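Report on the following structure.
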Amino acid sequence: MDFKINSLDANVNTPANTAFISRLTETYQKLFDYSIPELTIIEDLPAERLEKLNTAWHTKNLVLVTLDDERQIIGRVQQITPVSQVVLATYHSNVIEFVPLNRIFKVESATK
525 MDFKINSLDA NVNTPANTAF ISRLTETYQK LFDYSIPELT IIEDLPAERL
575 EKLNTAWHTK NLVLVTLDDE RQIIGRVQQI TPVSQVVLAT YHSNVIEFVP
625 LNRIFKVESA TK
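At position 1 of the sequence shown the residue is numbered 525 (our numbering), and the sequence of numbers has no breaks.
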């Protein structure tokens, strides 16, 4: 059976998929100065998370937020509410997410 998943062929090893994944990886590395050997599953301290979110809010940088359920969101911090929630506008800016601070596991900020 031949079908498409998110505009990619089901066969992962096609040249189109390889090129797409290569471009996606390149873009990701430009947005998030990421070093694969330094990947960690260690949770950020609450003060570090808040500091990174505040910095991203004031500089209007993109952030990659990893939640405690392993879901990841890329977006811009629009507001940090008094009820301990972060308001994120997703990459396309047409979806707003309200994320409780206690559900955030890790915050990574894009570099310019």
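For each residue, glycine too, the CB sits at the ideal point set by N, CA and C. This structure is a prediction, so every number in the text was calculated from the model and none was measured.
Are Val610 and Val601 close, meaning C-beta to C-beta below 8 Å?
For this step, residue 610 is matched to residue 86 along the sequence shown. For this step, residue 601 is matched to residue 77 along the sequence shown. A distance below 8 Å separates the beta carbons of Val610 and Val601.
Could you give the distance in angstroms between the alpha-carbon of Leu569 and the alpha-carbon of Glu575?
What you label residue 569 is simply residue 45 of the sequence shown in a count that begins at 1. What you label residue 575 is simply residue 51 of the sequence shown in a count that begins at 1. Distance between the alpha carbons of Leu569 and Glu575 is about 10 Å.
From Gln603, Ile620 and Ile628, pick the residue whose C-alpha is nearest to that of Asp592; which is it?
What you label residue 592 is simply residue 68 of the sequence shown in a count that begins at 1. Distance from the Cα of Asp592 is smallest, within the candidate group Gln603, Ile620 and Ile628, for Ile628.
Is any heavy atom in the ligand NAP found nearer than 7 Å to the beta carbon of Asp592?
With respect to small molecules bound, the structure shown includes none, and the ligand NAP cannot be examined in it.
Could you give the first and the last residue of the continuous beta strand (DSSP E) run that contains Glu632?
One-based indexing of the sequence shown puts residue 632 at position 108. Run containing Glu632: Ile628 to Ser633, per the beta strand (DSSP E) assignment.
Short check: CB of Leu588 to CB of Glu632, under 8 Å?
For the purposes of this step, residue 588 is identified with residue 64 of the sequence shown, where counting begins at 1. For the purposes of this step, residue 632 is identified with residue 108 of the sequence shown, where counting begins at 1. At a Cβ-Cβ threshold of 8 Å, Leu588 and Glu632 count as neighbours.
Less than 7 Å between C-beta atoms, sequence neighbours within five positions excluded: which residues of the same chain meet that for Asn618?
Residue mapping note: residue 618 aligns to position 94 of the sequence shown, counting from 1. Counting only Cβ-Cβ distances below 7 Å, and skipping sequence neighbours, we find nothing.
Return the CA-CA distance between Thr605 and Leu548, expressed in angstroms with no decimal places.
In the sequence shown, residue 605 corresponds to position 81, counting from 1. In the sequence shown, residue 548 corresponds to position 24, counting from 1. Their Cα atoms are separated by approximately 32 Å.
I'd like the list of long-range same chain contacts for Phe622, defined as Cβ closer than 7 Å, with 5 residues on each side in sequence excluded.
Along the sequence shown, read from residue 1 onward, the residue named residue 622 stands at position 98. Here Phe622 has Gln609 and Val611 as same chain residues with Cβ atoms under 7 Å from its own Cβ, once five neighbours each way along the sequence are excluded.
Report the partner residues of Ala613 according to the DSSP bridge assignment.
Start at 1 with the first residue of the sequence shown, and residue 613 comes out as number 89. DSSP output for Ala613 lists Arg600 and Ile620 as bridge partner(s).
Looking at Leu586: is its Cβ nearer than 8 Å to the Cβ of Ile598?
Within the sequence shown, residue 586 is the residue found at index 62, counting from 1. Within the sequence shown, residue 598 is the residue found at index 74, counting from 1. In contact: Leu586 and Ile598 (Cβ atoms closer than 8 Å).
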